[in-house]
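**Q**
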Amino acid sequence: MAGKNIIEITDGTFEQDVLQAEMPVLVDFWAPWCGPCRAIAPVIDELAGEYGVKLKVAKCNVDDNPKTPSRYGIRAIPTLIIFKDGNVSEQITGAVAKSQIAAAIDKAIG
Amino acid sequence: MNMSDVYDTIIIGGGPAGLTAGLYAARARMNAILIERMGFGGQLLTYEKVDNYPGFPEGVSAFGLGELISAQALRFGLQTRSSEVVGLGVDGPVRTVQLTDGVLSCKTIVVASGASPNKLGAKGETEYTGRGVSYCAVCDAPFFRDQDVAVVGGGDTAIEEAIYLTKFVKRVYVVHRRDRLRATQVIQEKAAQNPKISFVLNTVVPEIQGGPQGVGSLVLQDVQSGKTSQLEVDGVFVFVGIHPNTQYVPGEIEMDAQGFIRTDQEMATSVGGIFAAGDVRAKELRQIVTAVGDGATAAFNAGRYIEARFH
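Pasting the structure below:
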């Protein structure tokens, strides 16, 4: 599912790939059964390309990795969380326009 | 301006109405482009199964139907662009569509940007969105396995989604403000036979309460007596109607009080050369089957408008 600038993360790799990352990380929590998740996938791909080295972009399949979404109280998908220095910086629930996601990223990377 | 840079028609929205307009425009060899801000399919993306679209006797996957309609339009060469429309210029013979990343010119426009689910307006709703408040049962039902949830609403969507939720949850309380449901009879009958569904009628939800874990209960209010009570649930799914996605549509194009676009039976709006199709229109029956009819009619009449004005 992940485009070329996007990494797949799991419950096992979340700590290292996201919380200990040196740059802000946008994590897209999704599942194959979720239509709106598939709808925003191309938007996430575009954003990953546009922000390049300023932002790490990751996808977490909540079907295969239930622990991480549960840890952050996620009970709706798609949920996008931008982590910065191991903490939640911005959070967006549901499929929203690209401009709204970009605004959240800009705020997080400041 | 060089007229070769001017599209015959720009279709706004990639749901069933817009994609069908695109199919008809492409087959008529019009220079057409469809603008979509997310993936194709529109509101189909949030449903599981469609049982009332002709040609599929056993029903069809909603997401799959969206993919089929888009593949069909693309097969005939419809151009598409992933972007968001922020404004329209509808004066003069050449119209403009303003995007977040550019401006396009065209002779006609088909507005098919659809509708989005309404919020309930309850206290706590925004706070708990994504933490127990949901607007998409197909997306979020698996997070509520063996739990108790409420559905607010009494129309087709509310009752169909309540039935869908029973595959996952322990109990579904359908909370509706009127004394009877609005849903199609066959859907109501199916819900009445489902032992996991209970109905709480004549009742509104002024507040959603919870804690760090998310939603914990709803405050219910009886619309006749005004008395309030508490209903313990782990989640609440809101299906209380839709509002049109017409924020970018200028006032010259006539809309009703809620912002749905008024058209005649040819899908023509109050401004010549501007057409509307699908759920964004002011009309009674908002279904996939009526949306695709609107889309075909709008594209056909956009073609006729061009014939009359530009040739």
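Protein sequences appear in the order of chains Z and R.
Going left to right, the first sequence walks through residues 3 to 112 as the numbering used here numbers them.
Going left to right, the second sequence walks through residues 562 to 872 as the numbering used here numbers them.
Virtual Cβ for every residue (Gly too), placed ideally from N, Cα, C.
(1) Determine the chain R residues that contact proline 44 of chain Z at a beta-carbon separation under 9 Å, and present them in chain order.
(2) Which runs of the beta strand (DSSP E) fall wholly inside the segment 711-798 of chain R and span at least 3 residues, in chain order?
(3) Excluding sequence positions up to five away, which residues of its chain have a Cβ less than 8 Å from the Cβ of aspartate 569 of chain R?
(4) For alanine 818 of chain R and threonine 807 of chain R, what's the separation of their Cα atoms in angstroms?
(5) Pick helix, strand or coil for glycine 620 of chain R, following the three-state DSSP scheme.
(6) At the 8 Å Cβ level, is cysteine 667 of chain R part of the contact set with chain Z, yes or no?
(7) With DSSP as the reference, label arginine 40 of chain Z as helix, strand or coil.
(8) Have a look at Z/Glu52, Z/Asp87, Z/Ile94 and flag the residue whose alpha-carbon is nearest the alpha-carbon of aspartate 19 of chain Z.
(9) Within 8 Å of any Cβ in chain Z, is that where the Cβ of glycine 574 of chain R sits?
(10) What is the rounded straight-line gap between the Cα of leucine 726 of chain R and the Cα of valine 733 of chain R?
(11) For the ligand MN, is there a heavy atom less than 7 Å away from the beta-carbon of glycine 37 of chain Z?
(12) Here's a check: name, in chain order, each residue in its chain whose Cβ is nearer than 7 Å to the Cβ of phenylalanine 601 of chain R, leaving out the five neighbours to either side.
(13) From this set, R/Ser644, R/Phe729, R/Val664, which residue's C-alpha is nearest valine 710 of chain R's C-alpha?
(14) Would alanine 837 of chain R pass as a contact of threonine 824 of chain R if the rule is Cβ separation under 8 Å?
(15) So what does DSSP say about methionine 3 of chain Z, is it helix, strand or coil?
(16) Less than 8 Å between the beta carbons of glutamate 92 of chain Z and alanine 110 of chain Z, yes or no?
(17) Check the C-beta distance from glutamate 768 of chain R over to alanine 683 of chain R and give it rounded, since I have them as a contact under 8 Å.
(18) Label serine 695 of chain R either buried or exposed according to how many other C-beta atoms from any shown protein chain fall within 10 Å of its C-beta, with 16 as the threshold for buried.
(19) According to DSSP, simplified to helix, strand and coil, what is cysteine 697 of chain R?
(20) Determine the direct distance from the alpha carbon of lysine 610 of chain R to that of alanine 43 of chain Z, and round the result to whole angstroms.
(21) Taking 8 Å as the CB-CB limit, is threonine 690 of chain R close to chain Z?
(22) Which residues, in chain order, does the segment 94-108 of chain Z contribute to contact with chain R at a C-beta distance below 8 Å?
(23) Under a Cβ-count criterion, where at least 16 other Cβ atoms within 10 Å of its own Cβ denotes burial, should serine 674 of chain R be classed as buried or exposed?
(24) Apart from the five residues on each side of it in sequence, which residues of its chain come closer than 7 Å, Cβ to Cβ, to valine 765 of chain R?
(25) Using a Cβ cut-off of 9 Å, pull out every chain Z residue sitting near aspartate 701 of chain R, in sequence order please.
(26) So, helix, strand or coil for arginine 692 of chain R, using DSSP?
(27) What's the C-alpha gap between methionine 3 of chain Z and glutamine 640 of chain R?
(28) By alpha-carbon positions, which one of R/Lys788, R/Ile814, R/Asp652, R/Val647 ends up nearest to glycine 663 of chain R?
(29) Check the DSSP bridge columns for tyrosine 568 of chain R and list the partner residues they point to.
(30) Cβ atoms of arginine 743 of chain R and glycine 716 of chain R: under 8 Å apart, would you say?
**A** From the atom records:
(1) Close partners of proline 44 of chain Z in chain R (Cβ separation under 9 Å): Met599, Gly600, Ser643.
(2) 732-736, 758-761, 764-772, 775-783, 789-793
(3) Ala586, Met591, Asn592, Ala593, Cys667, Lys668, Thr669, Ala863, Gly864, Ile867
(4) 12 Å
(5) coil
(6) no
(7) helix
(8) The shortest C-alpha separation from aspartate 19 of chain Z is found at Z/Asp87.
(9) no
(10) 7 Å
(11) Absent from the structure shown: the ligand MN. Ligands present: none.
(12) Gly575, Leu580, Gly627, Ser631
(13) R/Phe729
(14) yes
(15) Confidence in methionine 3 of chain Z is poor, its pLDDT being 48 and thus under 50, which makes the residue's placement unreliable; the coordinate value appears in the next sentence. Here methionine 3 of chain Z sits in coil by DSSP.
(16) yes
(17) 6 Å between Cβ atoms; contact.
(18) buried
(19) The three-state reading of DSSP puts cysteine 697 of chain R in coil, since its state is none of H, G, I, E or B.
(20) 21 Å
(21) yes
(22) Taking 8 Å as the Cβ-Cβ cut-off against chain R, the residues of the segment 94-108 of chain Z that qualify are Thr95, Gly96, Ala97, Ala99, Lys100, Ser101.
(23) buried
(24) Cβ within range, chain order: Arg738, Gln782, Val784.
(25) Cys36, Arg77, Ala78, Ile79
(26) coil
(27) Its pLDDT being 48, under 50, methionine 3 of chain Z is placed unreliably by the model, and the measurement read from it follows with that caveat. Looking at the two C-alpha atoms, the distance is approximately 24 Å.
(28) R/Val647
(29) R/Cys667
(30) yes
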